[in-house]
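2 protein chains.
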Amino acid sequence: MNWLDNVKWDRDGLVPVIAQEAHTKDVLMFAFMNREALAETARRGEAVYWSRSRGRLWHKGEESGHIQKVHEIRLDCDADVVLLSVTQLGHEPGIACHTGRHSCFFQVLRDDAWVSVDPVLKDPASIYK
Amino acid sequence: MNWLDNVKWDRDGLVPVIAQEAHTKDVLMFAFMNREALAETARRGEAVYWSRSRGRLWHKGEESGHIQKVHEIRLDCDADVVLLSVTQLGHEPGIACHTGRHSCFFQVLRDDAWVSVDPVLKDPASIYK
Chain A
370 MNWLDNVKWD RDGLVPVIAQ EAHTKDVLMF AFMNREALAE TARRGEAVYW SRSRGRLWHK
430 GEESGHIQKV HEIRLDCDAD VVLLSVTQLG HEPGIACHTG RHSCFFQVLR DDAWVSVDPV
490 LKDPASIYK
Chain B
370 MNWLDNVKWD RDGLVPVIAQ EAHTKDVLMF AFMNREALAE TARRGEAVYW SRSRGRLWHK
430 GEESGHIQKV HEIRLDCDAD VVLLSVTQLG HEPGIACHTG RHSCFFQVLR DDAWVSVDPV
490 LKDPASIYK
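Heads up: the protein sequence lines correspond to chains A and B, in order.
Mapping the first sequence onto my numbering, position 39 (from 1) lands on 408, and the numbers just tick up by one.
Mapping the second sequence onto my numbering, position 53 (from 1) lands on 422, and the numbers just tick up by one.
Take a look at the structure:
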């Protein structure tokens, strides 16, 4: 049995994926993979997601240069969520978010409002030319 | 505008949630919340999820005693994923997984196979009586 068959794909043929930075353990982003994306991620050693908005494989960093080198691929107890341990390349500190921030999770709930607390490390206009 | 209205709920009225342990930064588990679950989580300061299998609110630890104390609630750039910073109570080290393990992500891909690499800390039969 192929290891890809052990994954419980959802009704859209996708699995949710959490990308965690290896050295800081920061949660960087959340995205989806289909079977081909997960196979490609394992083969390349770089994160390849399924872009639901674009309806195609998305080799993270293909435009921005912010490639995610993958050190480890984990699967949860129900076999329906994947956790990647990655190094975020192309900038120091790593930029995983399309807003130019380190992590996509930059909004914190404070006094019943979402507050952006993390800095933009690079202008998105200069990331996506 | 209510902060709950800022969340982009999916077609089932849910949002994916990642629980990360505050002091180790380990990713413990992944689950879903509906609007009421997220409101309850913020109000109690303890994780309350929506159980899709049981079709009801699920106050994490209600059976096992493995409550998740919530320190911080974050929202991602697209406002459609939540990240909790938690302390996993009831056992040291914390047990988040129903298998009695620390984290739900205990299977690692090695040589094209998923290998369980993390120990069972407590027999599930003694957790769920």
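Positions of the beta carbon are idealized from the N, C-alpha and C atoms, including for glycine.
The structure displayed is predicted, hence computed values, not measured ones.
Rounded to the nearest whole angstrom, the CA to CA distance from Asn403 (chain B) to Val386 (chain A) is 20 Å. The continuous beta strand (DSSP E) containing Ala388 (chain B) extends over residues 383–390. Secondary structure note for Glu405 (chain A): its alpha helix (DSSP H) is the uninterrupted segment 404–413. Taking CB atoms only, Gln437 (chain B) has no neighbour in chain A less than 9 Å away. In terms of beta-carbon proximity, Met398 (chain B) lines the interface with chain A, with at least one pair separated by less than 9 Å. Shown here for Lys438 (chain A): same chain residues with a beta carbon closer than 7 Å to its own, the five before and five after excluded, namely Gly414, Glu415, Val455, Thr456, Leu458 in chain order.
The three-state secondary structure of Leu452 (chain B), taken from DSSP, is strand. In the three-state DSSP reduction, Ile436 (chain B) falls in the coil class, being neither helix nor strand.
In its own chain, leaving out the 5 sequence neighbours on each side, no residue places its CB closer than 6 Å to the CB of Ser495 (chain B). Interface residue (Cβ-Cβ distance to chain A less than 9 Å): Ile387 (chain B) is classified as such. Around the CB of Asp395 (chain A), 16 or more other CB atoms lie within 10 Å, so the residue is classed as buried. Annotation for Pro462 (chain A): His471 place their beta carbon closer than 6 Å to its own, counting only its chain and skipping 5 residues before and after. Relative to the Cα of Trp419 (chain B), the nearest Cα in the group B:Thr410, B:Glu431, B:Ala406 belongs to B:Ala406. Listed as beta-bridge partners of Ile442 (chain B) by DSSP are B:Leu453.
Going by beta carbons, Leu397 (chain A) and Glu390 (chain A) fall inside the 9 Å limit.
At a Cβ-Cβ threshold of 9 Å, His460 (chain A) and Lys429 (chain A) do not count as neighbours.
Distance between Ser485 (chain B) and Ala400 (chain B), taken at the CA atoms: about 21 Å. Within the same chain, and ignoring the five residues on either side of Ala448 (chain A) in sequence, the residues whose Cβ sits closer than 8 Å to its Cβ are Asn375, Val376, Lys377.
Trp483 (chain B) reaches chain A at Trp372, Asn375, Leu444, counting residues in chain order whose Cβ is nearer than 7 Å.
Scanning A:Asn371, A:Gly424, A:His392, A:Val489 for the CA closest to the CA of His440 (chain A) turns up A:His392.
Listed along the chain, the chain A residues whose CB falls inside 8 Å of the CB of Leu426 (chain B) amount to none; the nearest CB is some 19 Å away. For Arg470 (chain A), the nearest beta carbon of chain B is closer than 9 Å to its own beta carbon. Using a Cβ-Cβ cut-off of 8 Å, Leu478 (chain A) is close to Trp372, Ala411, Glu441, Ile442, Arg443, Leu444 of chain B, given in chain order.
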